[in-house]
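Protein chains in written order, with the numbering used here: chain A, 41 to 374; chain B, 41 to 374.
Backbone N, C-alpha and C fix where the C-beta goes; we use that ideal spot for every residue, glycine too.
None of the values given here were measured: they were computed from a predicted structure.
Number of protein chains: 2
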Amino acid sequence: MEDCLLLDAGSGGRASQRLISQCFFRHFANPLLERMDDAALLTDIHGPLAMSTDSYTVTPLIFPGGSIGSLAVHGTVNDVAMLGARPRYLSCAFILEEGLSLETLERITADMAAAAREAGVHIVTGDTKVVPRGACDKIFINTTGIGEVFANPVPSGHSARPGDAVLVSGAMGDHGLTVMGSREGLSFLTDVASDSAPLNHMIEDILQSAEEVHVLRDPTRGGLATTLNEIAEQSQVGILLEETAIPVHEAVRNGCSFLGLDPLYLANEGKCICIVPEDKAEAALEAMRRSPYGKEATRVGTVTEGKAQVSLQTRIGGRRLLGMLEGAQLPRIC
Amino acid sequence: MEDCLLLDAGSGGRASQRLISQCFFRHFANPLLERMDDAALLTDIHGPLAMSTDSYTVTPLIFPGGSIGSLAVHGTVNDVAMLGARPRYLSCAFILEEGLSLETLERITADMAAAAREAGVHIVTGDTKVVPRGACDKIFINTTGIGEVFANPVPSGHSARPGDAVLVSGAMGDHGLTVMGSREGLSFLTDVASDSAPLNHMIEDILQSAEEVHVLRDPTRGGLATTLNEIAEQSQVGILLEETAIPVHEAVRNGCSFLGLDPLYLANEGKCICIVPEDKAEAALEAMRRSPYGKEATRVGTVTEGKAQVSLQTRIGGRRLLGMLEGAQLPRIC
Numbered sequence: 041m042e043d044c045l046l047l048d049a050g051s052g053g054r055a056s057q058r059l060i061s062q063c064f065f066r067h068f069a070n071p072l073l074e075r076m077d078d079a080a081l082l083t084d085i086h087g088p089l090a091m092s093t094d095s096y097t098v099t100p101l102i103f104p105g106g107s108i109g110s111l112a113v114h115g116t117v118n119d120v121a122m123l124g125a126r127p128r129y130l131s132c133a134f135i136l137e138e139g140l141s142l143e144t145l146e147r148i149t150a151d152m153a154a155a156a157r158e159a160g161v162h163i164v165t166g167d168t169k170v171v172p173r174g175a176c177d178k179i180f181i182n183t184t185g186i187g188e189v190f191a192n193p194v195p196s197g198h199s200a201r202p203g204d205a206v207l208v209s210g211a212m213g214d215h216g217l218t219v220m221g222s223r224e225g226l227s228f229l230t231d232v233a234s235d236s237a238p239l240n241h242m243i244e245d246i247l248q249s250a251e252e253v254h255v256l257r258d259p260t261r262g263g264l265a266t267t268l269n270e271i272a273e274q275s276q277v278g279i280l281l282e283e284t285a286i287p288v289h290e291a292v293r294n295g296c297s298f299l300g301l302d303p304l305y306l307a308n309e310g311k312c313i314c315i316v317p318e319d320k321a322e323a324a325l326e327a328m329r330r331s332p333y334g335k336e337a338t339r340v341g342t343v344t345e346g347k348a349q350v351s352l353q354t355r356i357g358g359r360r361l362l363g364m365l366e367g368a369q370l371p372r373i374c
Numbered sequence: 041m042e043d044c045l046l047l048d049a050g051s052g053g054r055a056s057q058r059l060i061s062q063c064f065f066r067h068f069a070n071p072l073l074e075r076m077d078d079a080a081l082l083t084d085i086h087g088p089l090a091m092s093t094d095s096y097t098v099t100p101l102i103f104p105g106g107s108i109g110s111l112a113v114h115g116t117v118n119d120v121a122m123l124g125a126r127p128r129y130l131s132c133a134f135i136l137e138e139g140l141s142l143e144t145l146e147r148i149t150a151d152m153a154a155a156a157r158e159a160g161v162h163i164v165t166g167d168t169k170v171v172p173r174g175a176c177d178k179i180f181i182n183t184t185g186i187g188e189v190f191a192n193p194v195p196s197g198h199s200a201r202p203g204d205a206v207l208v209s210g211a212m213g214d215h216g217l218t219v220m221g222s223r224e225g226l227s228f229l230t231d232v233a234s235d236s237a238p239l240n241h242m243i244e245d246i247l248q249s250a251e252e253v254h255v256l257r258d259p260t261r262g263g264l265a266t267t268l269n270e271i272a273e274q275s276q277v278g279i280l281l282e283e284t285a286i287p288v289h290e291a292v293r294n295g296c297s298f299l300g301l302d303p304l305y306l307a308n309e310g311k312c313i314c315i316v317p318e319d320k321a322e323a324a325l326e327a328m329r330r331s332p333y334g335k336e337a338t339r340v341g342t343v344t345e346g347k348a349q350v351s352l353q354t355r356i357g358g359r360r361l362l363g364m365l366e367g368a369q370l371p372r373i374c
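As structure tokens, this is what we get:
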């Protein structure tokens, strides 16, 4: 292989075939993908299905705790899982900039393959476009996932009920702060790493253990505060959070306070919000804590009657409204 | 709405919600999409499934006969259909450049919605990223489609057999030449327009009428010659084409001869290659001709024993090998 990607690799001809077989097939190896028909044939998947898509444009491409490759698998696997589904298959579409280092592409492809293996999903169909220098920033990846829904009822942002317990699977803000620190070269942020992780196995355990789960959502762009606001609106309920109960890692708290950021609005890529009836809260928390990705799971609040808004019981005993993120704290976080 | 897209619209907060509801929901309107959970819940789809993905980066965004919006629906719908499947659902992920004209985005979204309606598919889940100026070229769209496979056996590039008839549903090269002409402002190319079209209804008719269809492929990037080479390799057969039988519109032939291009290597976005047993050829051609997109359907060659290669019986009686496209004739054609 050449050192840098040439425009020809997106032509659909021999040069495309070489890139596909030498890089993508080698890492993603599976017989469904290798058929090379216009679409993948999936004979062993049964509805109801969950389907979700995300394009990943994160910069830098590689950051502490992950890369655009692992993120592109985790993000979509998690979105599918949040519907109470077992993620099964992913599509993967690359938009690559002419001149991209093939070593970087190889590293990112290997990260995707490793993440897919851990999550137990197969990448079965793909697409590669190469655009001229300056037409995109190095590499964008789209993944679309489908999975088999097994939860009944299906968790939804519309299903929170007054009295429900609001749980999170761990600390908030690690991914957002890591990407920002890594992009800006903030050397004082040495103790932070992205939480990017596949949550599907943990989700399956939560659903089996707690039996009745009203809401599952992952607080990505906009963070915990924005996602809870969406749920409050969808379900037409209030949500009351205990500030002291929300887990935030020391390094993230310090970094945020230095930079004037609020960790409750920072993106997470390996956390879930889980809203369950009060009497299922303990079972759900225990299931989370059994997972390597839920060790710091905890209860952070309660669903209440009344106006669709999120309130925070503060450290010093007051109450303040936690609005939805208005604009961008930081673009290209995922 | 403002006139130009702001970075905030990709934040995941209120500004994102406004773009989604004012533009995407308005055009794509359907209850599955509007649930706004992390994934779409699809309760009425049954396997076996076909799944296909494509990212669209075509420039210019709007060209005679279509736009990146209609193309993004047709391309993926056709790929799913080529597996002998009924396309049902699409995901849609936008990567948008800060500063993009909202009027352009609206026009493209409307084109997607119209194309989806004609094809009978629903856009059920989506994603919107906004990247800073210069990080992408205006707008890239990924669509991923799933459909229900009804053909039995399932058509595949691996299934061509010696003696089969090779059919095409119409003239070659219109899309590729149109995009090139439109990009370069070639004023003498006035009589060409993209053939971009949804082929799923025609495909369904072909499969029902011809009963046994060995191969269905759409000759997009790399054109007829490259796609037939892929089939020859996959099936380990020869393919012999009659040059005089291959339909090429007069304006495309003239444009290609002026520009030194070969229409057999130019992309098509509304055509299919159909390989069937000799005794099914008439039924398949009749089905194609019943469709508004197959009026010029015709037989162009025969599958032969022997080496996996494509040969052309030329106008003057000789034979020449038609190789696979090596590099790029033209980047960003789709």
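- Counting only the Cα atoms, E309 of chain A lies some 17 Å from T338 of chain A.
- Inside the stretch 157-182 of chain B, DSSP marks whole beta strand (DSSP E) runs of 3 or more residues at positions 162-171, from first to last along the chain.
- Taking a C-beta distance under 8 Å as the contact criterion, A156 of chain B and L136 of chain B do not qualify as a contact pair.
- F180 of chain B and A348 of chain A have their C-alpha atoms roughly 35 Å apart.
- Around the beta carbon of K335 of chain B, fewer than 16 other beta carbons sit within 10 angstroms, so the residue counts as exposed.
- Only Y305 and A307 from the stretch 299-319 of chain A bring a Cβ to less than 9 Å from some Cβ of chain B.
- Shown here, V219 of chain B sits in a helix according to DSSP, grouped into three states.
- Each residue's CA atom was taken as its position, placing V161 of chain A and R128 of chain A some 5 Å apart.
- At a cut-off of 8 Å, the C-beta of L82 of chain B has a neighbouring C-beta in chain A.
- N182, T184, I186, V189, V194, S196 and G197: these are the residues of the stretch 182-210 of chain A whose beta carbon lies less than 7 Å from some beta carbon of chain B, given in chain order.
- Close to chain A, meaning a Cβ-Cβ distance shorter than 8 Å, are the following residues of the stretch 106-131 of chain B: N118, D119, V120, M122, L123, A125, Y129 and S131.
- Counting C-beta pairs closer than 8 Å gives three or more between the stretch 239-255 of chain B and the stretch 320-332 of chain B, which meets the contact rule.
- Counting C-beta pairs with one atom in each stretch, the stretch 293-303 of chain B and the stretch 193-208 of chain B have fewer than three that are closer than 8 Å, which means they do not touch.
- In this structure, T266 of chain A lies away from G50 of chain B, with their beta-carbon atoms at least 8 Å apart.
- In the same chain as V98 of chain A, and ignoring 5 residues on each side of it, the C-beta atoms closer than 7 Å to its own belong to I108, L111, V219, R372, I373 and C374, in chain order.
- Pairwise C-beta distances place the stretch 275-283 of chain B out of contact with the stretch 230-242 of chain B, as fewer than three of them are shorter than 8 Å.
- In this structure, DSSP gives A90 of chain B an extended state, which the three-state scheme calls strand.
- About 16 Å separates the beta carbon of L89 of chain A from that of E244 of chain A, a gap too long to meet the 8 Å contact definition.
- One finds G197, E270 and Q274 in chain B with Cβ atoms closer than 8 Å to the Cβ of M76 of chain A, taken in chain order.
- Chain A places no beta carbon closer than 8 Å to that of G160 of chain B, leaving this residue out of the contacts.
- By the Cβ neighbour-count rule, Q57 of chain A is buried, with 16 or more other Cβ atoms within 10 Å of its own.
- The alpha carbon of F64 of chain B has as its nearest neighbour, out of B:S351, B:A175 and B:A150, the alpha carbon of B:A150.
- Residue environment analysis places R261 of chain B among the buried positions, since at least 16 neighbouring C-beta atoms fall within 10 angstroms of its C-beta.
- Judged by DSSP in its simplified three-state form, S131 of chain A adopts strand.
- Looking at the backbone, the Cα of R147 of chain B and that of R173 of chain A are separated by about 27 Å.
- Taking the beta carbon of M364 of chain A as reference, the chain B residues within 7 Å of it are G53 and R54, listed in sequence order.
- Straight-line measurement puts the Cα of A80 of chain A at about 15 Å from the Cα of H86 of chain B.
- Excluding sequence positions up to five before and after N182 of chain A, its CB lies within less than 6 Å of the CB of S95 and A133, all in the same chain and listed in chain order.
- Residues are counted here when their Cβ sits less than 9 Å from a Cβ of chain A; for the stretch 151-177 of chain B these are V164, T165, G166, D167, T168, K169, V170, V171, P172, G174, A175, C176 and D177, given in chain order.
- When C-alpha distances from L304 of chain A are compared across A:I356, A:L361 and A:Y333, the shortest belongs to A:L361.
- Ranked by Cα distance from S331 of chain B, the options B:K311, B:I286 and B:F228 are led by B:K311.
- DSSP links G185 of chain B through a beta bridge to B:S92 and B:L130.
- In terms of beta-carbon proximity, G87 of chain B lines the interface with chain A, with at least one pair separated by less than 8 Å.
- Interface criterion not met: the Cβ of I356 of chain A is under 8 Å from no Cβ in chain B.
- At a C-beta separation below 7 Å, P100 of chain A has no neighbours in chain B, since its nearest C-beta there lies roughly 13 Å away.
- Against chain A, a Cβ distance below 7 Å from M220 of chain B picks out nothing, because the smallest value is about 14 Å.
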